[in-house]
Structures are given as C-alpha cells and as structure tokens.
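S.K.:
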Ligand code: SF4
Ligand code: SF4
C-alpha cells in the first residue's frame, strides 16, 4: 500500500525521479499518486523522500505487477526499470 501526505510534501520531485514505474506526477508543485496500479512496493520513494511524506506498506503490489506484466503481457507506460 502506498500513501502520500500532501501536507508534508515540499515538492522536491525526488519520488518522481526514483520511482521505476512512474507512479508519481507533480500537480500544483506537489507530488501526487497518479498511477497507483503501477506500484510494485519497492520502497524506493519512501527511502528517498527526505521529508517522510511517503509510506509504503508491503502488500500485493509485486504480485499485481507480475500478473499484469508476465501473465497478461501488459507493460506499464513510461517504465524505466530493468524489466523492459
Ligand atoms: S520526495 Fe517527498 S517531498 Fe519530494 S516531492 Fe516526493 S513526496 Fe514530496
Ligand atoms: S514503492 Fe517503488 S514502485 Fe511504488 S511508488 Fe514507490 S518507488 Fe514507485
């Protein structure tokens, strides 16, 4: 599960840069979770947010991605990770 505290976010864009599946977008100088369905719960965004605005709880994200990509052969848009 992925959560973002809008009030804590300072808009540094680090989460946008580090997320391998382009889950975040910037809206009005704040990060928003634009594509939650792409999240694989890797934790990179939480680790790199200096302001503790993001919380990632391990759930079924990886399984969802495996089903979408490996079984249904769906690829996330703008994916920049090594699975391409
Ligand atoms: S890394 Fe944290 S503070 Fe920076 S834009 Fe993302 S949520 Fe906001
Ligand atoms: S946990 Fe990983 S895939 Fe999910 S939003 Fe954060 S960086 Fe992106």
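Residue numbers (our numbering): 741 to 824. All residues carry an ideal CB built from backbone N, CA and C; glycine is no exception. Quick caveat: nothing in here was measured; it's all calculated off a predicted structure.
(1) Based on the DSSP output, what are the partners of residue 772 in its beta bridges?
(2) Got a sec? Which residues, its chain only, sit under 7 Å from residue 799 by beta carbon, not counting five neighbours each side?
(3) So, helix, strand or coil for residue 787, using DSSP?
(4) Below 9 Å between beta carbons: does that hold for residue 784 and residue 759?
(5) Between which residues of its own chain and residue 769 is the CB-CB distance below 6 Å, once the five residues before and five after are set aside?
(6) Hey, would you say residue 779 sits closer than 9 Å to residue 763, going by beta carbons?
M.R.: Reading off the structure:
(1) The residue labelled residue 772 in the question sits at position 32 within the chain shown. BP columns for residue 772 point to 765.
(2) For this step, residue 799 is matched to residue 59 along the chain shown. Excluding residues within five positions, the ones whose Cβ falls inside 7 Å are 741 and 781.
(3) Along the chain shown, one-based indexing puts residue 787 at 47. Annotated three-state conformation of residue 787 is helix, per DSSP.
(4) Taking the first residue of the chain shown as 1, we reach residue 784 at position 44. Taking the first residue of the chain shown as 1, we reach residue 759 at position 19. Going by C-beta atoms, residue 784 is nearer than 9 Å to residue 759.
(5) The residue you call residue 769 lines up with position 29 of the chain shown. Once the five neighbours on either side are set aside, the close Cβ partners of residue 769 are 751.
(6) Within the chain shown, the letter at position 39 stands for residue 779. Within the chain shown, the letter at position 23 stands for residue 763. The answer is yes: Cβ separation under 9 Å.
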